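S.K.: For reference, the structure I am asking about is given below.
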Amino acid sequence: MIIRQQTQEIEKNTLHPRACLSANTRGRQTPEKEGDIRTCFQRDRDRIIHCKSFRRLKHKTQVFLAPKGDHYRTRLTHVLEVAQISRTIARALRLNEDLTEAIALGHDLGHTPFGHAGEAVLRKIHPGGFDHYVQSLRVVDVLEKNGSGLNLTYEVRNGIIKHSKGMGKILSDSPNDMADTLEGQVVRISDVIAYVNHDLDDALRAEVIHKKDIPDDISSVLGKSHSKRIDTMVRDLIYNTLETGLDKITMSDGIMAAVNQLRSFLYTKVYESAKLKEEFHKAENIVQSLYTYYAEHAGLIPNVIDKDKAYAAGDGLLTHVCDFIAGMTDRFALMNFEKIFIPQRWTVF
């Protein structure tokens, strides 16, 4: 028996009956022979980690634009925290950790430079709008590997496209909003657990808010420290889900209410704060200016992908521009903006 088959047998014998077994995957868009060591979900995880879009996440904003401190989160540290929380939950529930990790690591590959400020601009000016979760799926399906895509399994792709909720219900009652697998649903809520806690931590560090600003009814339920809040949320999710027999991923009403209150607090006091909005407006101007410029000078977009592969019938010039802008890191966007729009100093000898 080859190693992959041994792993699949271990999954079958040890995981929960409702876990997604790698042997039962719905497959890839383009069928391919599986390896003799790694399962399909392990290969998906590795393909994501080694792709260029994943590496660029280290220079993409989470919340704070171009922070001077070394300890602020980036989009890369965010997905790593989501992966850690997701794996903790998946292991406790005897779900497939490899599938959970692959979804977590790939869920934000389509995020724009400057975080949600960049996304808001593209949503407004790009025909048909823009959503980072749709772009994340486009990255793995089309844009990576010189326009060939990563050819991931259905389950990972489904988890990526279904992870986002905005200000909607974290755990929706509508099957259309939720991932088909419990592993994908775990990532959806782990995304929230991660960002409400690390964004709060970063906001305190940046002195956008202070500890006294956090409502007492949030702290009394979730805890007063970063680690305590995460522990409260994760433990509540695990034990309440176990009580359902894994019929659904769920939290108790009291903890879910506190999580939603914390999320609303962050939107009001942090994301919409005057200090951040001032910087967001600057970022929005950069993204809009670059989009307009490259729409008129598309020939200057580096030829880093095979356009015949990446742009099938119906994909036009502005899609090419949008892909280029969305793939930029913060510093690459700033560098291009400066090169295009800021007069260069003359060097006098």
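Numbered per UniProt numbering, the sequence shown spans residues 1 to 349. For glycine and all other residues, C-beta sits at the position ideal for the given N, C-alpha and C. Keep in mind the model is a prediction, meaning the values are calculated, not measured.
The alpha helix (DSSP H) with S190 in it runs from where to where?
M.R.: 182-205
S.K.: Using DSSP's beta-bridge definition, name the partner residues of T153.
M.R.: Note: T153 is bridge-paired with R28 in the DSSP secondary-structure output.
S.K.: Please state the DSSP three-state secondary structure of T244.
M.R.: coil
S.K.: CB I218 to CB F265, shorter than 8 Å?
M.R.: yes
S.K.: Using CA atoms only, rank isn't needed, just tell me which of P343, F332, E34 is closest to T153.
M.R.: E34
S.K.: Judging by CA-CA distance, which residue of H107, V121, A257 is the nearest neighbour of Q185?
M.R.: H107
S.K.: Give the secondary structure of T74 by DSSP, where H, G and I count as helix, E and B as strand, and everything else as coil.
M.R.: strand
S.K.: Tell me which same chain residues have a C-beta within less than 8 Å of the C-beta of N13, skipping the five on either side of it?
M.R.: none
S.K.: At a cut of 8 Å, does the stretch 288-306 reach the stretch 116-128 through at least three beta carbon pairs?
M.R.: Contact between the stretch 288-306 and the stretch 116-128 is present, because at least three Cβ pairs lie under 8 Å.
S.K.: Count Cβ pairs between the stretch 329-343 and the stretch 44-63 that sit closer than 8 Å; are there 3 or more?
M.R.: yes
S.K.: Among D141, I286, I85, which has the Cα closest to the Cα of R28?
M.R.: D141
S.K.: Could you name the residues of the same chain whose beta carbon sits closer than 8 Å to that of N158, not counting the 5 residues immediately before and after it, in chain order?
M.R.: A179, D180, T181, G184
S.K.: What would DSSP say about T319, mapped onto helix, strand or coil?
M.R.: helix
S.K.: Mark D44 as exposed unless 16 or more other C-beta atoms lie within 10 angstroms of its C-beta, in which case mark it buried.
M.R.: By the neighbour-count criterion, in which 16 or more other beta carbons inside 10 Å mark a residue as buried, D44 falls on the buried side.
S.K.: To the nearest angstrom, report how far apart E338 and V63 are at their CA atoms.
M.R.: Each residue's alpha carbon lies about 22 Å from the other.
S.K.: Comparing alpha-carbon positions, which option in I230, Y271, F114 lies nearest E89?
M.R.: A small fix is needed here, since residue 89 is Ile in this sequence, not Glu. For I89, the nearest C-alpha among the options comes from I230.
S.K.: Return no unless some Cβ of chain D is closer than 8 Å to the Cβ of E279.
M.R.: Among the chains of the structure shown, chain D does not appear; only one protein chain is present.
S.K.: Please classify T14: does DSSP put it in a helix, a strand, or coil?
M.R.: Residue state, collapsed to three classes: helix.
S.K.: Between V287, F341, G69, T319, which lies nearest to V139 when the distance is taken from Cα to Cα?
M.R.: T319
S.K.: Strictly by DSSP, which residues pair up with T61?
M.R.: T74
S.K.: Roughly how many whole angstroms lie between the Cα atoms of V196 and R345?
M.R.: 43 Å
S.K.: When you compare only the Cα positions, how much space is there between H111 and G118?
M.R.: 8 Å
S.K.: Nearest to F130 by alpha carbon, out of A326, M335, P343?
M.R.: A326
S.K.: Looking at C51 and E144, is the spacing between their C-beta atoms short of 8 Å?
M.R.: yes
S.K.: Report the rounded CA-to-CA distance for Q288 versus C322, giving the unit in angstroms.
M.R.: C-alpha separation (whole angstroms): 11 Å.
S.K.: Are at least three pairs of beta-carbons, each pair with one atom in the stretch 278-287 and one in the stretch 83-103, less than 8 Å apart?
M.R.: no
S.K.: Between which residues of its own chain and A102 is the CB-CB distance below 7 Å, once the five residues before and five after are set aside?
M.R.: F41, D44, R45, I48, V156
S.K.: Nearest CA to the CA of N146: which residue from M335, T232, P302, I209?
M.R.: Nearest option by C-alpha distance: P302.
S.K.: Thinking H16 and L95 are a contact (beta carbons under 8 Å), I'd like their distance in whole angstroms, please.
M.R.: 6 Å
S.K.: Would you kindly check if the distance between the Cβ of R4 and the Cβ of R38 is under 8 Å?
M.R.: yes
S.K.: Can you tell me the Cα-Cα spacing of K248 and D236, whole angstroms?
M.R.: 14 Å
S.K.: Quick check on this structure: which residue in A83, T241, I161 has the alpha carbon closest to the alpha carbon of Q135?
M.R.: Among A83, T241, I161, the Cα nearest to that of Q135 belongs to I161.
S.K.: Report the rounded CA-to-CA distance for D173 versus V259, giving the unit in angstroms.
M.R.: One C-alpha to the other measures close to 17 Å.
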